[in-house]
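Residue numbers (the numbering used here): 5 to 70.
For glycine and all other residues, C-beta sits at the position ideal for the given N, C-alpha and C.
It should be emphasised that the depicted structure is a prediction, and the values quoted were computed from it without experimental measurement.
Reading through the structure tokens given below for one structure.
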Amino acid sequence: MTGWIVFLLASGIAAAIAAAWRGGAAAAREKGAREDANDSHKAHILRDHLRHDDDFAKRVRKRFTR
């Protein structure tokens with residue numbers, strides 16, 4: 005009987021560790037997804053700024069190359 009109790013306690017501890025491990029991995033994936041979304045947003049803003057700067061440069065070149 006004591007063997008079964010020890011076995012069940014060990015199984016419960018192992019299950020708790022496995023659940024914590026999976027939860028940590030899920031949190032890391034979620035954090036990575038947030039960082040990727042943030043990087044994508046920053047890249048989009050940077051492209052918009054560069055496009056605006058390029059349009060401005062084209063207008064200036066056009067104005068002064070006449």
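Residue span of the alpha helix (DSSP H) that contains residue i, given as start and end
i, result
"THR6", "6-68"
Close-in-space but distant-in-sequence residues of the same chain around residue i (CB under 6 Å, 5 per side omitted)
i, result
"ASP43", "none"
Sequence-distant residues of its chain with Cβ nearer than 7 Å to residue i (five each side left out)
i, result
"MET5", "none"
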